[in-house]
Amino acid sequence: MPHHFHVEQFLPYPLETVFGFFADPANLPRLMPAWQSARIEDATYIFPPAPPYAFAGSDAIIAGSGTTLTLTIRPFPLSPVRLRWDGLIEDFNWLQGFCDVQMRGPFRHWRHCHTVVAATSPVNGEPGTLLHDTVEYELPFGPLGKVANVLFVRRQMGRMFRFRHRKTLELLETAQIVPRGTIKSAT
-2 MPHHFHVEQF LPYPLETVFG FFADPANLPR LMPAWQSARI EDATYIFPPA
48 PPYAFAGSDA IIAGSGTTLT LTIRPFPLSP VRLRWDGLIE DFNWLQGFCD
98 VQMRGPFRHW RHCHTVVAAT SPVNGEPGTL LHDTVEYELP FGPLGKVANV
148 LFVRRQMGRM FRFRHRKTLE LLETAQIVPR GTIKSAT
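Numbering (this note's numbering), first residue to last: -2 to 184.
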């Protein structure tokens, strides 16, 4: 029986910018802790048809449905062993979202869907984008996997997404993308 994990993050950036950021596979290793030394080892890109508009981040690679990626990571700090993760992009819809599915890796089943919607900040009412991350996953090892989920995996997923949320804001800020409602001064 699969487990479910869902988190949301408000980002003060236009929908096109946020969607383009997450649809560019080059950003995936950047959203992982440095000690994991994540890297894309191989990729076969299926590019979606161009959108009928220009979007912020249009110089990015956008991976559409059918794109495959091989990612390797260190499972713990200073590990000499790297875990391999083969993924497939499915259900790609411009400015709505997409899902990545594990084809081979540490989970018995993994499907992570990224959904974006235009929204206003619950804090100050400024426009931006609400990012939804929904993960359906199943661990190997039957009953032991269920115990591992309760004792370790679910908490680790929470930590992982808190890190991703902080890193996403940092990367979008350092990319010098101007949030909606912000006027950049000419100095």
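For glycine and all other residues, C-beta sits at the position ideal for the given N, C-alpha and C.
- G61 is positioned such that its CB atom lies closer than 7 angstroms to that of F89.
- In the structure shown, the three-state DSSP call for G102 is coil.
- Taking a cut-off of 8 angstroms for Cβ pairs, the segment 65 to 81 and the segment 24 to 40 touch, as three or more such pairs fall below it.
- Setting aside the 5 residues that flank it on each side, F44 is surrounded in the same chain by I59 and G61, each with a C-beta closer than 7 angstroms to its C-beta; the list follows chain order.
- Ranked by how close their Cα comes to the Cα of L8, the residues S76, L75 and P124 have P124 in first place.
- Taking the CA atoms as reference points, E87 sits about 25 angstroms from L166.
- The beta carbon of T41 is closer than 7 angstroms to those of T64 and T65 in its chain, skipping five residues each way along the sequence.
- For R81, the enclosing beta strand (DSSP E) stretches over residues L80 to N90.
- Beta-bridge pairing by DSSP links I70 to L80.
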